[in-house]
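Sequence order for the protein chains is S and V. Just so you know, my numbering puts 277 at position 176 of the first sequence, and the rest follows in order with no gaps. Just so you know, my numbering puts 269 at position 168 of the second sequence, and the rest follows in order with no gaps. First comes the structure, then the notes that go with it.
2 protein chains.
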Amino acid sequence: MVEPTSAPRTARARARAELTREIVDTARAHLSSDGAAGLSLRAVARDLGMVSSAVYRYFPSRDELLTALIIDAYNSLGEEAERAEQAVKRSDLHGRWLAIGNSTRTWALVRPHEWALIYGSPVPGYQAPQDTIVPATRVSALLIGILVDAHTSGLSPAPLPVPRVVHTSLTPVRQAIPVAVPDDLIIRGLMVWSQLIGTISLELNGQFHNVLADTDAYFETVIQRCSIDIGIA
Amino acid sequence: MVEPTSAPRTARARARAELTREIVDTARAHLSSDGAAGLSLRAVARDLGMVSSAVYRYFPSRDELLTALIIDAYNSLGEEAERAEQAVKRSDLHGRWLAIGNSTRTWALVRPHEWALIYGSPVPGYQAPQDTIVPATRVSALLIGILVDAHTSGLSPAPLPVPRVVHTSLTPVRQAIPVAVPDDLIIRGLMVWSQLIGTISLELNGQFHNVLADTDAYFETVIQRCSIDIGIA
DNA sequence: TCGTGTCAAGAGCACTGCTCTCGGTGTTGT
DNA sequence: ACAACACCGAGAGCAGTGCTCTTGACACGA
C-alpha cells in the first residue's frame, strides 16, 4: 500500500506522491465533517480540481482510500498516546496509564469520525487488510508495557483464579507480551482496555445522554478505578 | 411514529398497517444481511413488488425507516434480556446478572448489524428521535434493578469515595433509580454496563482477532468479574 | 528521437434517495 | 346514492454515487 518512500527520483513519481498525499488529506477533511458513509470520491476529486476517474489512478477503490485513512487514524492516535505516555516518568505507572487514557479520549473527542472508523462498527463488506494490524496495536502496546512494569515491580494485585479454557484462549495475546505475565493480569489488562474503548465509544455515541451531566468527571473516575484494577493506583 | 394500533377499522387502515409491517420486516432482513449502510429503500420496495415512491407513503424518509428498525432492535434486545433475567430466581442476583450479560451477547452475535445500529457509531446526519429513548433503557433498567436489590440486601461492596463533581454529574441517572443508592454503586453499575457493551462491541468489530482464541470463555470470565465489582459474586 | 508507460479527462452504466404529477380507488359526509 | 375528499400506487425525473472504459496528451528512459 504505502511504499517505503525512498526519495522519489523522477518528477512523475514526485508528483504522484504529492497528489496521493493531497487526496488522503482532503479525504480526511471530508471524513472529519461528514463521516465515513458520507465520504465521496467524487467530492474529493472536485475539491482537488480533478475528475473522479483520475482519483482511481491513485486508489483502486473507495475502500482502499478508506484503508489509508484507517491506517492514518491508528497512527495518529498511536503517536498521540505515545507522546503523552512518554512525557511521564517511567516509574510513575499510574501517571502513564492516566496519560494513555486521557490522551486517547481527547483524541477521540476531537476526531469522532476517525474514532468511529477504527473502533466503530466496520463498514459492511469491508475487510480490514493486514496493513492495519500493526498500527492498530500501538495503544495497546503502551498498556502492555505498563502491565509488564507493574508485574516486574511486584505491584500486581492479588490474582484471581483463571479457568483453564481462558488460559489457553489467551495464547494469541501472550505472543505480544515480551515477558511472562500471569493470566490474571492479562485479563485485567484486557478488561481495562475494553473499559477505555467502550466508555469513549458510549460517550461519543451519545449513550450517556440523560445519564451523565459531566462526562469529563465521570471519565476521570473511571480511569482512576481502572488503575486500581490493575494494581497501579 | 407507531400508533397505539386500536384495531384498524377500515380496510384501508388495515392494509396500511399490514404493509407498514411488511416494509419493516423486509427492511430488517436487508439490514441483517447487508448492514445499515446497504439498506436501500428501492431494494426493499422491489422485494415487496412495489415501486420505490410508494414506500414514501409509509416512511417519509430512509432515516424514518431506520428509526423504526432501531426501536425494533432495542425492544427485541430488551425482551430477550428481560425474558432471560426473569427466568432466574429473584434472590439470585448473580444469576440475574449472568442472564442479562449472556442473553445480550447472544442477541448481538446473532444480529451483529442490528447491534451496530443501536450501539455502534451513529449514522452521520442522523439524530435519534425521542421515541428511541424509552426502549433504549430496557436493558439498563434490569441492571438497575439488580443494583437496587443488592443495595437493599446490604450486599454492596465497600464503597470507594466519589468526588463531588462526579456526584453532581450523576443527577440524570439518579432519576432513573427508584430508591436512593450510593454514588459508588451507581459508578460501579455504569462501569459494568460499559464493560458489557464495550466487550461485545469489540468482539463484534473483530478487535479480539490475534488477541483471544476463545471469546466465549473470555466473556464468561468478564461477566463473572463484573459481578464481583458490583458485589453480587 | 522514438517507443513505452502513465496520466487526466470524458462518457457512460447501474445504482441510490427523494420529489412531483397523474390517475384510480377507498372512505365519508350529505 | 352520490359527490367530495383523502389516500394510494405507478411512473418520470433530478441530482448524486462508485466504478469502468476509451481517448488523447504528456513525460520518461533508451
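From the three backbone atoms N, C-alpha and C, an ideal C-beta is built for every residue, glycine too.
Taking the C-alpha atoms as reference points, what is the distance between Ile287 of chain S and Val211 of chain V? 28 Å
Below 8 Å on the Cβ atoms is my contact criterion, and I expect Gly221 of chain V with Ser222 of chain S to pass it. Report the Cβ-Cβ distance as a whole number of Å. 3 Å
Of the residues S:Asp284, S:Pro283, S:Ala155, the one placed nearest Arg117 of chain S, counting alpha carbons only: S:Ala155
Could you list which residues in chain V have their beta carbon closer than 7 Å to that of Tyr175 of chain S, in chain order? The premise fails here: Tyr175 of chain S is roughly 12 Å from chain V at the closest Cβ pair, so nothing lies under 7 Å.
Tell me whether Leu149 of chain S sits in a helix, a strand or coil according to DSSP, three-state version. coil
Within 10 angstroms of its Cβ, does Asp284 of chain S collect 16 or more other Cβ (buried), or is it exposed? buried
Proximity below 7 Å, CB of Ile331 of chain S to CB of Val293 of chain S: yes
What separation, rounded to the nearest whole angstrom, lies between the Cα atoms of Asp315 of chain S and Glu304 of chain S? 11 Å
Proximal chain V residues relative to Arg326 of chain S, where beta-carbon distance stays under 8 Å: Leu261, Ile288, Met292
Taking buried to mean at least 16 other C-beta atoms within 10 Å of its own C-beta, is Glu296 of chain S buried or exposed? Note on identity: in this sequence residue 296 of chain S is Gln, with Glu being the wrong assignment. So Gln296 of chain S counts as buried.
Give a yes or no on whether 7 Å exceeds the smallest Cβ distance from Gly299 of chain V to chain S. yes
Kindly indicate which residue of V:Leu244, V:Arg147, V:Asp135 has the alpha-carbon position closest to the one of Ile278 of chain V. V:Leu244
For Ile324 of chain S, count the other beta carbons within 10 Å of its own beta carbon; 16 or more makes it buried, fewer makes it exposed. Which is it? buried
Give the interface partners of Pro273 of chain S over in chain V, defined as CB-CB distance under 7 Å, in chain order. Asn311, Val312, Leu313, Ala314
Tell me which residues share the same chain as Ala169 of chain V and place their Cβ nearer than 6 Å to its Cβ, disregarding the 5 neighbours each side in the sequence. Val125
Which runs of the alpha helix (DSSP H) at least 4 residues long sit entirely within the segment 168-248 of chain S? Give them in chain order. 194-211, 213-220, 234-237
In terms of residue numbering, what span does the alpha helix (DSSP H) encompassing Gln325 of chain S cover? 316-330
Work out the CA separation of Ala112 of chain S and Glu119 of chain S for me, nearest whole Å. 10 Å
Contact check, Leu142 of chain S vs Arg122 of chain S, beta carbons under 7 Å: no
Determine, for Ile219 of chain S, whether the minimum Cβ-Cβ distance to residues of chain V falls below 7 Å. no
Could you tell me the distance, in whole angstroms, from the CA atom of Gly255 of chain V to the CA atom of Ala217 of chain V? 37 Å
Taking the C-alpha atoms as reference points, what is the distance between Ala338 of chain V and Met151 of chain S? Because chain V in this structure spans residues 102 to 334, residue 338 of chain V falls outside the shown range and cannot be described.
For the alpha helix (DSSP H) that Gly255 of chain S lies in, which residues bound it at each end? Here Gly255 of chain S belongs to no alpha helix (DSSP H), and DSSP marks it neither H nor E.
Would you tell me roughly how many angstroms separate the C-alpha atoms of Ala334 of chain V and Leu149 of chain S, rounded to the nearest one? 59 Å
Report yes if the C-beta distance between Tyr319 of chain V and Ser302 of chain S is below 7 Å; otherwise report no. no
Identity of the residue in V:His252, V:Ala251, V:Pro262, V:Phe309 nearest Pro273 of chain S by Cα: V:Phe309
Which two residues bound the contiguous alpha helix (DSSP H) that contains Ala49 of chain V? Chain V is shown only over 102 to 334; residue 49 of chain V falls outside these bounds and no answer can be derived.
DSSP-derived helix/strand/coil call for His268 of chain V: helix
With DSSP run on the structure shown, which of helix, strand or coil describes Ala155 of chain V? helix
Select from the segment 233-257 of chain S all residues with a C-beta closer than 9 Å to any C-beta belonging to chain V, and list them in chain order. Ile234, Ala237, Thr238, Ser241
Please report whether the beta-carbon of Pro283 of chain S lies at a distance below 7 Å from any beta-carbon of chain V. no
Exposure label - Pro262 of chain S; buried when at least 16 CB within 10 Å: exposed
Can you find a C-beta in chain V that's less than 7 Å from the C-beta of Val280 of chain S? no
Along the chain, where does the alpha helix (DSSP H) containing Ile295 of chain S start, and where does it finish? The amino acid occupying residue 295 of chain S in the given sequence is Ser; Ile does not appear at that position. Ser295 of chain S -> alpha helix (DSSP H) spans 284-305.
I'd like to know whether the C-beta of Tyr319 of chain V is nearer than 7 Å to at least one C-beta of chain S. yes
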